[in-house]
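Below is one structure, written out as C-alpha cells; the observations come after it.
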Amino acid sequence: MNEAWTPEARVSEDPTPTESDTTLVVVTGLSGGGRSTVARALENVGFYVVDNLPQALMLDMAELAFKAGGAARRTAMVLDVRSRAFSTDLAGAIRELKERGFSPRVVFVDADDEVLIRRFESVRRSHPLQGDGRLADGIAVERGLLEEARDQADVIIDTSHLNVNQLRRRVEELFGGEDARRLRVTVLSFGFKYGLPPDADFVLDARFLPNPYWVPELREHTGREEAVSSYVLGQEGADAFVTSYADLVNATTVGFEREGKRYLTVAVGCTGGKHRSVAIAEELAARLRHSGLAANAQHRDLGRE
Numbered sequence: 001m002n003e004a005w006t007p008e009a010r011v012s013e014d015p016t017p018t019e020s021d022t023t024l025v026v027v028t029g030l031s032g033g034g035r036s037t038v039a040r041a042l043e044n045v046g047f048y049v050v051d052n053l054p055q056a057l058m059l060d061m062a063e064l065a066f067k068a069g070g071a072a073r074r075t076a077m078v079l080d081v082r083s084r085a086f087s088t089d090l091a092g093a094i095r096e097l098k099e100r101g102f103s104p105r106v107v108f109v110d111a112d113d114e115v116l117i118r119r120f121e122s123v124r125r126s127h128p129l130q131g132d133g134r135l136a137d138g139i140a141v142e143r144g145l146l147e148e149a150r151d152q153a154d155v156i157i158d159t160s161h162l163n164v165n166q167l168r169r170r171v172e173e174l175f176g177g178e179d180a181r182r183l184r185v186t187v188l189s190f191g192f193k194y195g196l197p198p199d200a201d202f203v204l205d206a207r208f209l210p211n212p213y214w215v216p217e218l219r220e221h222t223g224r225e226e227a228v229s230s231y232v233l234g235q236e237g238a239d240a241f242v243t244s245y246a247d248l249v250n251a252t253t254v255g256f257e258r259e260g261k262r263y264l265t266v267a268v269g270c271t272g273g274k275h276r277s278v279a280i281a282e283e284l285a286a287r288l289r290h291s292g293l294a295a296n297a298q299h300r301d302l303g304r305e
C-alpha cells in the first residue's frame, strides 16, 4: 500500500535552499552613467531593487532577501557614492557576502567624461562631488573613489553611446530569461573612428575586407541587410576570420566560466561601424549560438553616419 502524500512529506523531498540560490546584483558606477535606468530594467525582469542602499547594510539586505524567499531571492542593490554611508571598500563588502555563501555579481556603469558633462549640463544639475569646483572636478573625484569598485566589477557597461532603450535592453539580455549563471557573449560592432569600446574583452579588426562603402549600390545599406552581408561574408578570408574567432571564443568559455566570469564582450570593428563589422558581428553571434552559447549581436555605431 502506498503511503499517503502529505505536505510535510513533499517539503522533506525538496533540497534546502542555500544563500547561493539567492541571485544578488550590486549596481554601482558614476553619477550620470545610468544607474537609475539599470535599476528600472532589473525591476522589469523580476528583481527586487533597493536603491541608494548604504554599503554597510549590504550583508543585512542579502540575508533578508534569503530569508524572505520567493521573489526576494532575486535582489539588486544600487549603491550611490552620494550616500553618507558609502565607503570605498566595496571589495571588502563583496568578499564578506561571498564568505557568507552568497554569489553577488557587480555591475559598474561608466561613461566618458565628456558625455557625463553633457548629461549634467542638459539637466542643469551640478555633480554631487564637485563642491565649488567644476563638473570635471567632481567627476574626477568620483572616478578616484570608484576605481577599485570598477576593477572588481563582473560586468562594465559603458553607456557613452547608448540611449535609454539600448541600455535597458542590454540589462534585460544580461539578467532576464535563462540561467543567469551561464557565460553570456555580446558581439559588439563598432567604428574605429569613434574609438574602441572600453568594455571589450576581445577586439577584432574587420578592415582587411573590402569596404562596401565604395560600392555605390551598397553604400546606403547596412551589414544587417542581405546584400551587404552576402558581399562582406563572400570576400576572401571572411569565412576563415569568423570561423577562427568562433573557435577561439568556444575554446575559452569553459575557462572563463571556471574562473567566475559571466559576461564576455567581443568587439568587431571596421571604419565606421556600418557595413563590415555589423555583418561579421551578426554572423559570429549566430555561429556562437549554434555552438550552444548565449550570444547576441549589438551595434554601437550603426546609424551614426
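1 is the number of the first residue of the sequence shown in the UniProt record's numbering; add one for each residue after it. Backbone N, C-alpha and C fix where the C-beta goes; we use that ideal spot for every residue, glycine too.
{"query": "Opposing strand residues paired with residue 52 [DSSP bridges]", "result": "The partner list for residue 52 (beta bridge, DSSP) is empty, contrary to what the question assumes."}
{"query": "Supposed close pair residue 192, residue 271 - CB separation, criterion 8 Å", "result": "6 Å"}
{"query": "Among 127, 151, 149, nearest to residue 140 - alpha-carbon criterion", "result": "127"}
{"query": "Start-to-end residues for the alpha helix (DSSP H) that takes in residue 190", "result": "Per DSSP, residue 190 belongs to no alpha helix (DSSP H); it is in the beta strand (DSSP E), 184 to 191."}
{"query": "Every unbroken alpha helix (DSSP H) within the UniProt domain \"RapZ C-terminal\" (184 to 302), with a cutoff of 4 residues, ordered by chain", "result": "226 to 233, 238 to 258, 276 to 290"}
{"query": "Distance CB(residue 200)-CB(residue 295) smaller than 8 Å", "result": "no"}
{"query": "Distance, residue 70 Cα to residue 84 Cα", "result": "Interpretation of residue 84 is limited by its pLDDT of 48, a score under 50 that renders its predicted location unreliable; the figure taken from the coordinates is listed afterwards. Looking at the two C-alpha atoms, the distance is approximately 31 Å."}
{"query": "Per DSSP, cross-strand counterpart(s) of residue 74", "result": "23"}
{"query": "Coil, strand or helix - residue 134 by DSSP", "result": "coil"}
{"query": "Residue 18 (DSSP reduced to helix, strand or coil)", "result": "coil"}
{"query": "N- and C-terminal bounds of the alpha helix (DSSP H) containing residue 66", "result": "58 to 68"}
{"query": "Which of helix, strand or coil DSSP assigns to residue 28", "result": "strand"}
{"query": "Backbone CA spacing between residue 228 and residue 219 [nearest angstrom]", "result": "9 Å"}
{"query": "Exposed unless 16 or more other CB atoms sit within 10 angstroms - verdict on residue 181", "result": "Note that residue 181 has pLDDT 49, beneath the 50 cutoff, so the model's placement of it is unreliable and no number is given."}
{"query": "Neighbourhood of residue 282 by C-beta, 6 Å cutoff - its chain only, sequence neighbours within 5 removed", "result": "297"}
{"query": "Residue 78 versus 98, 91, 106, residue with shortest Cα-Cα distance", "result": "106"}
{"query": "Rounded straight-line distance, which links the Cα of residue 120 to that of residue 143", "result": "16 Å"}
{"query": "With 16 other Cβ atoms within 10 Å as the buried cut-off, status of residue 138", "result": "buried"}
{"query": "Exposure label - residue 56; buried when at least 16 CB within 10 Å", "result": "exposed"}
{"query": "Where residue 102 sits in the DSSP three-state scheme", "result": "coil"}
{"query": "Length of the line joining the Cα atoms of residue 217 and residue 275", "result": "13 Å"}
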